[in-house]
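Chains as they are written, first to last, in my numbering: chain A, 6 to 431; chain B, 6 to 431.
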């Protein structure tokens with residue numbers, strides 16, 4: 006909470022260069038309560054000209070109360086993203102402090118982990134007090150993504166800070182995702198800091214890292230997201246741990262294997278794994294990763310819906326089935342309120358078919374990475390599939406993204422990943 | 006799903022002694038979909054006389070379709086609890102098979118755990134296909150609880166099966182909880198099978214077991230629930246693991262310590278722990294448990310609300326605060342729809358005060374064991390407390406009861422425990 010004296014001081018200091026943005030009483034209350042976003046509809050007075058960091062104030066009669074410093078977003082439905090309760094600038098020292106603190110939080114979480122985590126999310130936006138900035142580390146490379154104009158403008162500086170703070174040699178920007186569309190930022194990607202002269206083909210930057218005990222390779226310039234789905238690493242390890250205990254030597258199916266995160270972990274846990282993806286390139290990389298880790302996995306190019314149908318028709322059964330589909334709810338959205346019926350029907354079909362393929366006592370690992378599908382939606386869909394299959398199912402665990410991708414309290418949109426583990430009781 | 010031929014066969018077999026219960030089409034649909042409870046309001050034709058196991062049927066014109074075998078509940082709002090899709094009797098062999106299968110599921114989950122789990126829930130009611138039966142194991146003793154008339158009538162037989170299946174020497178019944186009130190079953194407790202001649206005072210049966218690495222003692226006849234809160238064991242271990250990583254050598258507060266589950270685990274993780282409970286007897290036992298494990302904990306008898314207020318007034322701060330209150334939502338219920346406002350205000354006051362006591366970067370371990378408080382209610386309450394304290398909080402993990410207390414899919418009332426881990430970002 007900003008004290009009156011601080012507010013007074015800052016109002017005086019405002020004679021300087023920091024533009025002021027007046028917001029509604031309702032938005033002011035939410036900011037005071039810790040919600041870090043201000044909708045454009047709540048802005049009463051925008052900054053006079055171009056602005057990067059602004060001071061959010063609430064006006065009560067002739068009085069102004071400073072609420073905090075925020076990044077100004079010139080375009081899109083979000084107008085400001087709170088940076089601090091006190092007056093701060095988006096300076097190198099602030100970036101350095103906050104990135105170092107975010108990394109120290111991960112180092113503490115992973116202390117003593119074996120094998121040591123060398124790939125993890127370093128900065129997770131608002132939850133690390135760095136709105137619109139996301140940084141993933143892969144061994145000696147860092148990949149950053151910015152989703153807001155001010156952070157985008159500071160990318161070169163952020164790259165320097167990452168080299169200095171994390172000791173990485175390479176920094177890549179992967180600003181080619183849909184998160185940029187909200188503020189109408191152009192999509193782009195490239196190498197911001199290189200370790201040396203380019204050694205690979207243009208448009209490609211391979212890195213080797215560890216994922217739940219499996220050596221993996223990712224192309225930081227070409228693969229999805231920042232190169233891999235680091236948010237699933239702890240779930241890969243967890244699913245493999247369950248599988249090792251519950252179904253030693255059993256049969257597993259990974260219907261959307263991508264580069265092999267779940268499949269390789271399950272194979273290392275001693276299961277016999279069939280892993281499919283409809284993208285031949287993904288299967289190629291997954292095969293390569295399996296060779297790197299010297300594990301045996303049966304890979305095949307298949308559309309998951311067709312695959313599940315044909316396995317069922319063939320009478321195949323599995324002790325473990327993993328469903329980690331791409332965000333189905335992105336397709337065919339109906340308004341901002343939630344996932345479309347079509348998306349939820351697709352999730353349900355997948356899960357119903359997976360449940361039918363489970364051997365007695367089998368384990369279903371069911372994921373959704375769509376932020377539009379709430380945990381409540383996801384649970385209702387799974388209940389629905391369970392009712393259709395008419396099989397009793399224990400809910401062993403409801404997991405989300407790994408702890409290096411924490412949600413921010415009071416900001417439900419900061420969470421998106423579900424990874425639930427269900428066990429057939431028969 | 007029951008095939009027509011099976012249904013035909015069973016209708017023929019019904020010439021025997023099994024009473025038939027006709028239920029509504031709506032209830033029949035839910036039973037087909039795996040929901041294991043039938044409300045009395047959904048019963049069209051109850052059994053003619055006294056009944057233990059009945060056959061649930063749906064009547065469609067002149068046709069009857071068998072839905073499954075169920076335990077008949079002569080009293081209370083629930084009339085039947087589904088036992089199987091096929092015709093079965095509540096016989097020793099069925100009990101033996103299902104108890105053995107339930108125990109085997111736990112053995113698989115805990116395989117290789119160090120130290121070995123010698124106290125865990127063996128049977129968790131409907132989620133283990135044993136409606137109304139709960140069994141906890143403590144080393145060489147088992148404690149059973151029944152919440153439905155038919156299981157209650159079979160307690161002597163169940164005790165024999167537990168001795169035979171689990172190899173325990175002692176079996177205790179703790180039918181002195183409120184779960185029995187639903188079916189108007191009398192509250193009682195006692196020793197069903199004794200290892201030898203009584204060695205302790207009447208009304209007391211001490212057992213030693215391991216809880217998250219701490220040796221503990223419980224009185225299986227006198228302590229709460231079945232003697233301990235086994236559903237929190239995995240959360241004790243998890244909280245200690247976070248504390249060890251995030252705050253090595255730090256200061257912890259356990260405001261409702263009972264017999265020391267969280268406090269001892271935190272002390273073993275190297276933290277300096279202040280542990281309080283308003284019950285002097287609980288503190289006595291917790292002290293005893295600390296001596297057993299040779300760990301140092303600062304214990305005190307305090308009401309948690311007063312304690313949190315006075316610690317705040319004294320300017321004390323803690324790196325870890327644990328709130329594991331008794332079910333506040335039992336007090337002052339308002340209708341069946343959810344927790345009362347008074348209960349939620351009490352939860353919020355506790356959590357707000359705990360958040361104020363957190364040192365920078367501190368960890369809050371916040372629990373609710375009330376089934377009336379849904380995860381959604383609990384999250385809204387925590388958001389509310391976070392907004393009032395105005396401190397950014399990462400949500401590291403949302404945990405429930407241990408995996409030996411699994412929920413049953415489609416039966417939300419099978420889940421009750423929340424244990425969420427939040428980290429202050431400052």
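Idealized CB from N, CA, C, for every residue including glycine.
What does a CB cutoff of less than 8 Å around residue 9 of chain B pick up in its chain, not counting 5 residues either side in sequence? Your numbering for residue 9 of chain B matches position 4 in the second chain. Unreliable placement is indicated for residue 9 of chain B, whose pLDDT of 39 sits below 50; the coordinate value is still reported in the next sentence. Counting only Cβ-Cβ distances below 8 Å, and skipping sequence neighbours, we find nothing.
What number of angstroms, rounded off, separates the C-alpha of residue 225 of chain A from the C-alpha of residue 272 of chain B? Within the first chain, numbered from 1, the residue matching residue 225 of chain A stands at position 220. Within the second chain, numbered from 1, the residue matching residue 272 of chain B stands at position 267. C-alpha separation (whole angstroms): 43 Å.
Where residue 103 of chain A falls, given that 16 or more other Cβ within 10 Å makes a residue buried: As a first step, residue 103 of chain A is located in the first chain; it is residue number 98 there, counting from the start. Counting Cβ neighbours within 10 Å, residue 103 of chain A comes out buried, since at least 16 surround it.
Quick check: residue 390 of chain A and residue 356 of chain A, are their CB atoms within less than 8 Å of each other? For the purposes of this step, residue 390 of chain A is identified with residue 385 of the first chain, where counting begins at 1. For the purposes of this step, residue 356 of chain A is identified with residue 351 of the first chain, where counting begins at 1. Cβ atoms of residue 390 of chain A and residue 356 of chain A: closer than 8 Å.
Mark residue 175 of chain B as exposed unless 16 or more other C-beta atoms lie within 10 angstroms of its C-beta, in which case mark it buried. Residue 175 of chain B sits at position 170 when you count from the first residue of the second chain. So residue 175 of chain B counts as buried.
Short CB-CB distance (under 8 Å) between residue 413 of chain A and chain B: Within the first chain, residue 413 of chain A is the residue found at index 408, counting from 1. Cβ-Cβ to chain B under 8 Å: yes for residue 413 of chain A.
Cβ neighbours of residue 12 of chain A in the same chain (closer than 8 Å, five flanking residues each side left out): By 1-based counting over the first chain, the position of residue 12 of chain A is 7. In this predicted model, residue 12 of chain A has a pLDDT of only 43, less than 50, meaning its place in the structure is not dependable enough to derive any value.
Run through the region 343-387 of chain B for me and flag every whole alpha helix (DSSP H) of 4 or more residues, listed as ranges in chain order. Within the region 343-387 of chain B, the complete alpha helix (DSSP H) runs of at least 4 residues are 346-362.
How do the region 287-302 of chain B and the region 311-321 of chain B stand: do at least 3 beta-carbon pairs fall below 8 Å, yes or no? Taking 8 Å as the limit for Cβ pairs, the verdict is that the region 311-321 of chain B does not touch the region 287-302 of chain B.
Using beta-carbon positions only, say whether residue 82 of chain B and residue 31 of chain B come within less than 8 Å of one another. For the purposes of this step, residue 82 of chain B is taken as the residue at position 77 of the second chain. For the purposes of this step, residue 31 of chain B is taken as the residue at position 26 of the second chain. No, the pair does not count as a contact, with Cβ atoms beyond the cut-off.
Below 7 Å on C-beta distance, what does residue 382 of chain B contact in chain A? By one-based count along the second chain, residue 382 of chain B stands at place 377. Residues of chain A with a Cβ closer than 7 Å to the Cβ of residue 382 of chain B do not exist, since the nearest Cβ in that chain sits about 12 Å away.
Please report the distance separating the alpha-carbon of residue 419 of chain B from that of residue 85 of chain B. The count along the second chain starts at 1 and reaches residue 419 of chain B at position 414. The count along the second chain starts at 1 and reaches residue 85 of chain B at position 80. So the alpha carbons of these two residues sit roughly 16 Å apart.
Express the C-alpha separation of residue 168 of chain A and residue 303 of chain B in angstroms, rounding to a whole number. What you label residue 303 of chain B is simply residue 298 of the second chain in a count that begins at 1. What you label residue 168 of chain A is simply residue 163 of the first chain in a count that begins at 1. Those two C-alpha atoms are separated by around 45 Å.
Report the neighbours of residue 402 of chain B on chain A: residues whose CB is nearer than 7 Å to its CB, in chain order. Position 397 of the second chain, counted from the start, is the residue given in the question as residue 402 of chain B. Within chain A, 408 have C-beta atoms less than 7 Å from the C-beta of residue 402 of chain B, given in sequence order.
Could you tell me the alpha carbon to alpha carbon distance between residue 145 of chain B and residue 124 of chain B, rounded to whole angstroms? Indexing the second chain from 1 puts residue 145 of chain B at position 140. Indexing the second chain from 1 puts residue 124 of chain B at position 119. Their Cα atoms are separated by approximately 9 Å.
Is the separation between the beta-carbon of residue 112 of chain B and that of residue 231 of chain B shorter than 8 Å? Looking up residue 112 of chain B in the second chain gives position 107. Looking up residue 231 of chain B in the second chain gives position 226. Cβ atoms of residue 112 of chain B and residue 231 of chain B: not closer than 8 Å.
Could you tell me the alpha carbon to alpha carbon distance between residue 338 of chain B and residue 308 of chain B, rounded to whole angstroms? One-based indexing of the second chain puts residue 338 of chain B at position 333. One-based indexing of the second chain puts residue 308 of chain B at position 303. Unreliable positioning characterises residue 338 of chain B in this predicted model, as indicated by a pLDDT of 42, which lies under 50. The coordinate reading is nonetheless provided below. Per the coordinates, the alpha-carbon of residue 338 of chain B lies some 22 Å from the alpha-carbon of residue 308 of chain B.
What are the boundary residues of the alpha helix (DSSP H) that includes residue 247 of chain B? In the second chain, the residue the question calls residue 247 of chain B occupies position 242. Per DSSP, residue 247 of chain B belongs to the alpha helix (DSSP H) from 238-251.
Can you pull the chain B residues whose beta carbon is under 7 Å from the beta carbon of residue 391 of chain A, in chain order? By 1-based counting over the first chain, the position of residue 391 of chain A is 386. Within chain B, 39, 414, 415 have C-beta atoms less than 7 Å from the C-beta of residue 391 of chain A, given in sequence order.
Buried or exposed, going by whether 16 or more other CB atoms sit within 10 Å of the CB of residue 429 of chain B? The residue labelled residue 429 of chain B in the question sits at position 424 within the second chain. Buried: at least 16 other Cβ atoms inside 10 Å.
Counted within 10 angstroms of its Cβ, other Cβ atoms place residue 122 of chain B as buried (16 or more) or exposed: Working through the second chain from its first residue, we reach residue 122 of chain B at position 117. Buried.
Per-residue contacts from residue 396 of chain B into chain A (C-beta, under 8 Å): Residue numbering aside, residue 396 of chain B sits at position 391 when the second chain is read from its first letter. Going along chain A in sequence order, the residues near residue 396 of chain B (Cβ under 8 Å) are 39.
Please decide whether residue 311 of chain B counts as near chain A, where near means a Cβ-Cβ distance under 8 Å. Locating residue 311 of chain B in the second chain gives position 306, counting from the first residue. No, its Cβ sits nowhere closer than 8 Å to a Cβ of chain A.
Give, in chain order, every unbroken run of the alpha helix (DSSP H) that is at least 4 residues long and sits entirely within the region 24-83 of chain B. Listed in chain order, the complete alpha helix (DSSP H) runs (minimum 4 residues) inside the region 24-83 of chain B are 30-37.
Could you pull out every residue in the same chain whose Cβ sits closer than 8 Å to the Cβ of residue 415 of chain A, ignoring the five residues on either side in sequence? Indexing the first chain from 1 puts residue 415 of chain A at position 410. Exclusion of the five residues before and after residue 415 of chain A leaves 38, 39, 40 as the residues of its chain whose Cβ lies within less than 8 Å of its Cβ.
Segments of 4+ residues assigned as alpha helix (DSSP H) that fall wholly inside the region 268-320 of chain B: For the region 268-320 of chain B, whole alpha helix (DSSP H) runs of length 4 or above, ordered along the chain, are 285-297, 309-318.
Taking the C-alpha atoms as reference points, what is the distance between residue 153 of chain A and residue 427 of chain A? What you label residue 153 of chain A is simply residue 148 of the first chain in a count that begins at 1. What you label residue 427 of chain A is simply residue 422 of the first chain in a count that begins at 1. Straight-line spacing of the CA atoms in residue 153 of chain A and residue 427 of chain A works out to 38 Å.
Quick check: residue 384 of chain B and residue 421 of chain B, are their CB atoms within less than 8 Å of each other? Counting from one through the second chain, the residue named residue 384 of chain B turns up at place 379. Counting from one through the second chain, the residue named residue 421 of chain B turns up at place 416. Judged by beta-carbon spacing, residue 421 of chain B lies beyond the 8 Å limit of residue 384 of chain B, meaning their Cβ atoms are not closer than that value.
So, at 7 Å on beta carbons, what are the nonlocal neighbours of residue 42 of chain B in its own chain, with the 5 sequence-adjacent residues on each side left out? As a first step, residue 42 of chain B is located in the second chain; it is residue number 37 there, counting from the start. If you ignore the 5 residues before and after residue 42 of chain B, its C-beta comes within less than 7 Å of the C-beta of 83, 86, all in its own chain and listed in chain order.
4-residue-minimum alpha helix (DSSP H) runs that sit fully inside the region 159-186 of chain B, ordered along the chain: Correct list: 160-171.
According to DSSP, simplified to helix, strand and coil, what is residue 396 of chain B? Residue mapping note: residue 396 of chain B aligns to position 391 of the second chain, counting from 1. DSSP places residue 396 of chain B in coil when its eight states are reduced to three.
Out of curiosity, what's the CA-to-CA distance linking residue 77 of chain B and residue 366 of chain A? Here the question's residue 77 of chain B lines up with position 72 in the second chain. Here the question's residue 366 of chain A lines up with position 361 in the first chain. For residue 77 of chain B and residue 366 of chain A, the gap between their C-alpha atoms comes out near 27 Å.
Can you find at least 3 beta carbon pairs, one from the region 254-273 of chain B and one from the region 210-227 of chain B, that sit closer than 8 Å? Output reads yes: the region 210-227 of chain B touches the region 254-273 of chain B.
Can you find the residues in the same chain that come closer than 6 Å, C-beta to C-beta, to residue 233 of chain A, ignoring five residues on each side of it along the sequence? Taking the first residue of the first chain as position 1, residue 233 of chain A is located at position 228. Setting aside the 5 residues that flank it on each side, residue 233 of chain A is surrounded in the same chain by 223, each with a C-beta closer than 6 Å to its C-beta; the list follows chain order.
Let me see if you follow: with CB-CB separation under 8 Å, is residue 250 of chain A close to chain B or not? Position 245 of the first chain, counting from 1, holds the residue named residue 250 of chain A. Interface flag for residue 250 of chain A against chain B is set, since a Cβ pair is found closer than 8 Å.
Nearest candidate by alpha-carbon position, reference residue 327 of chain B, set B:73, B:412, B:380, B:423: To locate residue 327 of chain B, count along the second chain from 1; it is residue 322. Considering only alpha carbons, the answer is B:423.
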